[in-house]
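K.L.:
The sequence shown lines up with residues 1 to 528 when you count with full-length UniProt numbering. Next up is a structure, given as structure tokens.
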Amino acid sequence: MSIDFALIAVAMVGYKVSLVLDYAAKPRPRVMRHLRHFCVHTGLWLLGFALEMLLFQRPWFALFNLLGLQLLLIIISNMKQHFLREPFFYTDTEYFWDAIKHPRLYLPFFGIGNTVLGFAIYLGAAALAFYFEPAYSQWPIAVLGFAVAGAVALLLGDSLAQAQPSWQPSADIQQMGFTPALWRYAQAERQALALDEHAPFAQTWQAPALLPHLVVVQSESFFDPRRYYADYVQPHVLTQFDQMAATGQRGVLQVPSWGANTVRTEYAVLSGLEPSLLGVHQFNPYRRLAKHCVPSLAHYLRSIGYKTICVHPYAASFYRRNTAMPLLGFDEFIDIRAFTKDDYFGAYVSDAALARTLTGVLQAQTDQPVFVHVITMENHGPLHWETVSATETHALMQQPVPSGAEDLVPYVRHIQHTDQLLQHVQQTLLTLTRPTGLCLFGDHVPIMSGVYKQLGEPDGSTDYLLWRSDAAKSPNAPATPTAPAANALTAAQLGPAWLAFMGFNQVNASPAPQPLNPPDAAPNQPHE
Numbered sequence: 001m002s003i004d005f006a007l008i009a010v011a012m013v014g015y016k017v018s019l020v021l022d023y024a025a026k027p028r029p030r031v032m033r034h035l036r037h038f039c040v041h042t043g044l045w046l047l048g049f050a051l052e053m054l055l056f057q058r059p060w061f062a063l064f065n066l067l068g069l070q071l072l073l074i075i076i077s078n079m080k081q082h083f084l085r086e087p088f089f090y091t092d093t094e095y096f097w098d099a100i101k102h103p104r105l106y107l108p109f110f111g112i113g114n115t116v117l118g119f120a121i122y123l124g125a126a127a128l129a130f131y132f133e134p135a136y137s138q139w140p141i142a143v144l145g146f147a148v149a150g151a152v153a154l155l156l157g158d159s160l161a162q163a164q165p166s167w168q169p170s171a172d173i174q175q176m177g178f179t180p181a182l183w184r185y186a187q188a189e190r191q192a193l194a195l196d197e198h199a200p201f202a203q204t205w206q207a208p209a210l211l212p213h214l215v216v217v218q219s220e221s222f223f224d225p226r227r228y229y230a231d232y233v234q235p236h237v238l239t240q241f242d243q244m245a246a247t248g249q250r251g252v253l254q255v256p257s258w259g260a261n262t263v264r265t266e267y268a269v270l271s272g273l274e275p276s277l278l279g280v281h282q283f284n285p286y287r288r289l290a291k292h293c294v295p296s297l298a299h300y301l302r303s304i305g306y307k308t309i310c311v312h313p314y315a316a317s318f319y320r321r322n323t324a325m326p327l328l329g330f331d332e333f334i335d336i337r338a339f340t341k342d343d344y345f346g347a348y349v350s351d352a353a354l355a356r357t358l359t360g361v362l363q364a365q366t367d368q369p370v371f372v373h374v375i376t377m378e379n380h381g382p383l384h385w386e387t388v389s390a391t392e393t394h395a396l397m398q399q400p401v402p403s404g405a406e407d408l409v410p411y412v413r414h415i416q417h418t419d420q421l422l423q424h425v426q427q428t429l430l431t432l433t434r435p436t437g438l439c440l441f442g443d444h445v446p447i448m449s450g451v452y453k454q455l456g457e458p459d460g461s462t463d464y465l466l467w468r469s470d471a472a473k474s475p476n477a478p479a480t481p482t483a484p485a486a487n488a489l490t491a492a493q494l495g496p497a498w499l500a501f502m503g504f505n506q507v508n509a510s511p512a513p514q515p516l517n518p519p520d521a522a523p524n525q526p527h528e
């Protein structure tokens, strides 16, 4: 018994279409690539075809399914490239399940109509193909033959000498091809990393005699829009931020993500590790890397007597935080179950409700210092689903925004709510007998494609604020804030810089990371 030539022809037609389809990805892969990448593509196609034949025993239906899956991934990748400035890669496969559990976070950018239409077309075409195509009688030998051929091609591709991926997804797709890049990133996830020697919180620190309460506010999509859109945004929307910066420190923060992927910045701040050290794990550290227990900021503070608490008003399982946070050194994780419907502003728990929860946690601590890491949610898009009244718009904006840039208005409203959170929290911190430090930072810039097209795009950096209650009470506190660019940091440098700001000193360690000198902010010029 053997595989007939008609079946081989079907598989080869599908394979050739698959090779051509790979070039629809953005950025487009190179035409001339190393043989190993074509071997990997060949192996994956043949193994996929074998699996489809095992499941359905229909060659054309198998071809249709495989090409449909590849096309879907490329469409998603191109949309991700448009919104987030990077293509789809292997670690993103986790988000398919998240999109089912949390559709509001994903479907608005793909389009609900497009999603429904796509499913309808697929189901209709699949039903017709499955109904009219008879089952292939010799499918067992076909499955075995294609599986063996696919495995041989894949092993050949893996055996050929190959350079380490750059971990710049756009460059790697151009170099390898869309499908082979998925495979290489999947392989790399299994590789262990030795990171303790690079972890600043694994080093020895000298703490101040009186341990202060420490509060981190990881503010969703926070950056100061006045840096780019000063002609439109009212200057008073961040009054509290400005006042606290006058007695503290503010700066721009270079973050490893654009528009989404909060955990990249979150892990960089908590671990103190630069993303370039993490390889493929930099894209979603909580999938595997957090389980390696690299000493974190929370680990260190807990070791010297702090109670460590993380507060995030969303599902605990999102980004696997219910598993990652205990491994990162947090004693307690307060999630969405601690909040009620009255705590919402729009689709998410408000910054005001989060401020009340935070102050309640701080006021409940008497003898023990506490470290609280707060992850806000209110400012999570999609902004284009929100409406703002004319009265609110007038209070937030100096002049009407151009057509297509309307998302800036609800964004500024959320930023003002963050400013009100700061005001509420500061009032509480100043009443506590124990000195307190606060660090606020943005995890990434927001998705506002229309705003960036009409008014110019930011450089991707966010803003941070460091503040301490004892300095604010000092009569010698500075009267004017430092220029943000003078205190530029990367996300990985922020944690150690904040500890130093609060009077902690590294002992017998390499010098603390120095502030970067980032390029000047991008001008407010429309994109062509």
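Note that beta-carbon positions come from the ideal geometry of N, C-alpha and C, so glycine has one too.
Give a yes or no on whether the C-beta atoms belonging to residue 49 and residue 62 are separated by under 8 Å.
P.N.:
Taking the first residue of the sequence shown as 1, we reach residue 49 at position 49. Taking the first residue of the sequence shown as 1, we reach residue 62 at position 62. In this structure, residue 62 lies closer than 8 Å to residue 49 by Cβ.
K.L.:
By the three-class DSSP mapping on this structure, what secondary structure does residue 325 have?
P.N.:
Residue 325 sits at position 325 when you count from the first residue of the sequence shown. Three-state result, residue 325: helix.
K.L.:
Assign residue 78 to one of three DSSP states: helix, strand, or coil.
P.N.:
Numbered from its first residue, the sequence shown carries residue 78 at position 78. Looking at residue 78 - three-state DSSP - the assignment turns out to be helix.
K.L.:
For the beta strand (DSSP E) that contains residue 464, what are its first and last residues?
P.N.:
Position 464 of the sequence shown, counted from the first residue, corresponds to residue 464. Looking at the DSSP string, the run of the beta strand (DSSP E) that includes residue 464 is 462–468.
K.L.:
Can you tell me whether residue 368 is helix, strand or coil according to DSSP?
P.N.:
In the sequence shown, counting from the first residue as 1, residue 368 sits at position 368. In the three-state scheme derived from DSSP, where H, G and I count as helix and E and B as strand, residue 368 is classed as coil.
K.L.:
List the DSSP bridge partners of residue 505.
P.N.:
Along the sequence shown, read from residue 1 onward, the residue named residue 505 stands at position 505. Paired residue(s): 206.
K.L.:
Along the chain, where does the beta strand (DSSP E) that runs through residue 562 open and close?
P.N.:
Since the first residue of the chain shown is 1 and the last is 528, residue 562 is not available in this structure.
K.L.:
In terms of DSSP beta bridges, what is residue 308 paired with?
P.N.:
Looking up residue 308 in the sequence shown gives position 308. Per DSSP, 371.
K.L.:
State the start and end residues of the unbroken alpha helix (DSSP H) segment that holds residue 281.
P.N.:
Position 281 of the sequence shown, counting from 1, holds the residue named residue 281. Element bounds for residue 281: n/a, residue is neither H nor E.
K.L.:
Leaving out five residues on either side along the sequence, give the residues of the same chain with a beta carbon under 7 Å from the beta carbon of residue 338.
P.N.:
One-based indexing of the sequence shown puts residue 338 at position 338. For residue 338, where only same-chain residues beyond five positions count, the Cβ hits under 7 Å are 357.
K.L.:
Is the region 248–268 touching the region 433–449, taking contact as three or more C-beta pairs under 8 Å?
P.N.:
Short answer: they touch.
K.L.:
Just checking my contact of residue 228 with residue 458 at CB under 8 Å: how many whole Å lie between their CB atoms?
P.N.:
On the sequence shown, residue 228 is found 228 positions in, with the first residue counted as 1. On the sequence shown, residue 458 is found 458 positions in, with the first residue counted as 1. Indeed they touch by this definition, with Cβ atoms about 5 Å apart.
K.L.:
Under a Cβ-count criterion, where at least 16 other Cβ atoms within 10 Å of its own Cβ denotes burial, should residue 104 be classed as buried or exposed?
P.N.:
Numbered from its first residue, the sequence shown carries residue 104 at position 104. Around the beta carbon of residue 104, fewer than 16 other beta carbons sit within 10 angstroms, so the residue counts as exposed.
K.L.:
Would you kindly report the start and end of the unbroken alpha helix (DSSP H) that includes residue 150?
P.N.:
The count along the sequence shown starts at 1 and reaches residue 150 at position 150. Its alpha helix (DSSP H) spans residues 139–159.
K.L.:
Specify the secondary structure class of residue 18 as computed by DSSP and reduced to three states.
P.N.:
The count along the sequence shown starts at 1 and reaches residue 18 at position 18. The answer is helix: DSSP assigns residue 18 an H, G or I state.
K.L.:
Beta-carbon within less than 8 Å of residue 269's beta-carbon, same chain only, minus the 5 sequence neighbours each way: which residues are those?
P.N.:
Start at 1 with the first residue of the sequence shown, and residue 269 comes out as number 269. Closer than 8 Å at the Cβ level, and outside the excluded window around residue 269, lie 216, 218, 297, 441, 491, 492, 494 and 495.
K.L.:
Excluding the five sequence neighbours on either side, which residues of its own chain have a C-beta within less than 8 Å of the C-beta of residue 188, listed in chain order?
P.N.:
Here residue 188 refers to the residue found at position 188 of the sequence shown. Cβ neighbours of residue 188 beyond the five flanking positions: 165, 279 and 280.
K.L.:
Please report the residue range of the beta strand (DSSP E) in which residue 233 lies.
P.N.:
Residue mapping note: residue 233 aligns to position 233 of the sequence shown, counting from 1. Unbroken run through residue 233: none, as it is neither H nor E.
K.L.:
Quick check: does the Cβ of residue 375 come within less than 7 Å of any heavy atom belonging to the ligand NAD?
P.N.:
Of ligands this structure carries none, so the ligand NAD is not represented either.
K.L.:
Nearest by alpha-carbon distance to residue 143: which of 207, 45 and 250 is it?
P.N.:
Taking the first residue of the sequence shown as position 1, residue 143 is located at position 143. The shortest C-alpha separation from residue 143 is found at 45.
K.L.:
Would you give the residue range spanned by the beta strand (DSSP E) that residue 415 belongs to?
P.N.:
Within the sequence shown, the letter at position 415 stands for residue 415. From DSSP, residue 415 is part of no beta strand (DSSP E) but of the alpha helix (DSSP H) over 408–429.
K.L.:
Does the Cβ of residue 23 have 16 or more other Cβ atoms within 10 Å, making it buried, or fewer, making it exposed?
P.N.:
Locating residue 23 in the sequence shown gives position 23, where the first residue counts as 1. With fewer than 16 other Cβ atoms within 10 Å, it is exposed.
K.L.:
Does the structure place the region 194–213 close enough to the region 495–506 that three or more beta carbon pairs sit under 8 Å?
P.N.:
yes
K.L.:
Spatial neighbours of residue 214 within its chain, please: C-beta separation below 6 Å, excluding the five flanking residues on both sides.
P.N.:
By 1-based counting over the sequence shown, the position of residue 214 is 214. Only 371 and 437 meet the Cβ criterion.
K.L.:
Three-state secondary structure (DSSP) at residue 447?
P.N.:
Taking the sequence shown and counting its residues from 1, one reaches residue 447 at position 447. In this structure, residue 447 counts as coil in the three-state DSSP scheme.
K.L.:
Does DSSP put residue 398 in a helix, in a strand, or in coil?
P.N.:
For the purposes of this step, residue 398 is taken as the residue at position 398 of the sequence shown. Residue 398: coil per DSSP, three-state reduction.
K.L.:
Distance check for residue 40 and residue 158, CA to CA, integer angstroms please.
P.N.:
The residue labelled residue 158 in the question sits at position 158 within the sequence shown. The residue labelled residue 40 in the question sits at position 40 within the sequence shown. C-alpha separation (whole angstroms): 7 Å.
K.L.:
Taking residue 198 as the reference, which of 124, 274, 361 and 252 has the closest Cα?
P.N.:
To locate residue 198, count along the sequence shown from 1; it is residue 198. That would be 274, whose Cα lies nearest to the Cα of residue 198.
K.L.:
Here's the rule I'm using: 16 or more other beta-carbon atoms within 10 Å means buried, otherwise exposed. How should residue 480 be labelled?
P.N.:
Along the sequence shown, one-based indexing puts residue 480 at 480. In this prediction, residue 480 has a pLDDT of 49, which is less than 50 and means its spatial position is unreliable; nothing more can be read from the coordinates.
K.L.:
What residue does the beta strand (DSSP E) around residue 218 start on, and which one ends it?
P.N.:
For this step, residue 218 is matched to residue 218 along the sequence shown. Segment 213–219, the beta strand (DSSP E) holding residue 218.
K.L.:
Taking its Cβ as the centre, do 16 or more other Cβ atoms sit within 10 Å of residue 499, making it buried, or is it exposed?
P.N.:
By one-based count along the sequence shown, residue 499 stands at place 499. The residue in question, residue 499, is buried, as its Cβ has 16 or more Cβ neighbours within 10 Å.
K.L.:
In whole angstroms, what separates the C-alpha of residue 53 from that of residue 10?
P.N.:
To locate residue 53, count along the sequence shown from 1; it is residue 53. To locate residue 10, count along the sequence shown from 1; it is residue 10. Taking the straight line from one Cα to the other gives about 12 Å.
K.L.:
Can you name, in chain order, every residue of its own chain whose Cβ lies under 6 Å from the Cβ of residue 139, other than the five neighbours on each side?
P.N.:
Working through the sequence shown from its first residue, we reach residue 139 at position 139. Closer than 6 Å at the Cβ level, and outside the excluded window around residue 139, lie 53 and 57.
K.L.:
Does the beta-carbon of residue 419 have 16 or more other beta-carbons within 10 angstroms, so that it is buried, or is it exposed?
P.N.:
For the purposes of this step, residue 419 is taken as the residue at position 419 of the sequence shown. Buried is the call here.
K.L.:
Between which two residues does the alpha helix (DSSP H) containing residue 179 stretch?
P.N.:
The residue you call residue 179 lines up with position 179 of the sequence shown. Run containing residue 179: 178–188, per the alpha helix (DSSP H) assignment.
K.L.:
Per DSSP, what kind of secondary structure is residue 52 in: helix, strand or coil?
P.N.:
Working through the sequence shown from its first residue, we reach residue 52 at position 52. When secondary structure is reduced to three states using DSSP, residue 52 falls in the helix class.
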